[in-house]
Amino acid sequence: MAAQKKLEAGSQYEHFDKDGDGVVSDEEFALERDMMRADNENQKEDQIRRMAWFALWGLLIYPVGIVVTDLLPFSFESTSRLLADIAPTYFVSVSALVGAFFGAQAYQKGKTHGNGKGK
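Set out below in structure tokens:
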């Protein structure tokens, strides 16, 4: 059996040593790695969720923006027309983004928790 590596005092890897014996075992290292992966996955899901909510708010605010630019006394006549012209493309692309987000969430939930059918 190979000699175990001891941690130096004040080592940057001290937080890996869960039982405080001064040795980072394979189990402790694997546990820390799994915790880091779970944390990274959680952060990734949070960012995707924020992106979807931002897109949904954009879908709600975009029509209001068209009306506001049309009503502003100092805006050009073409401003609201141009915004209205790109609206279909905007709505289709953002709807696809939001639909993909919710579809992926439903797929992951079904994959993780099973589909409720017995085998």
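Start counting at 1 in the sequence shown, then tack on 1075, and there's your number in this note's numbering. C-beta atoms are modelled at their ideal positions from N, C-alpha and C, and glycine is treated no differently.
Query	Result
8 Å contact criterion, which Phe1176 and Ala1127 should meet: CB distance rounded	4 Å
Between the CA atoms of Gln1122 and Pro1148 - distance to the nearest angstrom	39 Å
Best match in Gly1185, Gln1118, Val1173 for proximity to Gly1133 [C-alpha to C-alpha]	Val1173
Stretch pair the region 1131-1145 + the region 1103-1119: three plus CB contacts closer than 8 Å	no
Distance between Asp1114 and Val1167 (C-alpha atoms, nearest Å)	33 Å
Alpha-carbon to alpha-carbon, Leu1146 and Arg1156	12 Å
Beta-carbon separation (whole angstroms), Leu1135 vs Thr1144, contact threshold 8 Å	With 8 Å as the limit, Leu1135 and Thr1144 do not qualify as a contact, their Cβ atoms being about 16 Å apart.
Inter-residue spacing [alpha-carbon to alpha-carbon] between Lys1186 and Gln1180	10 Å
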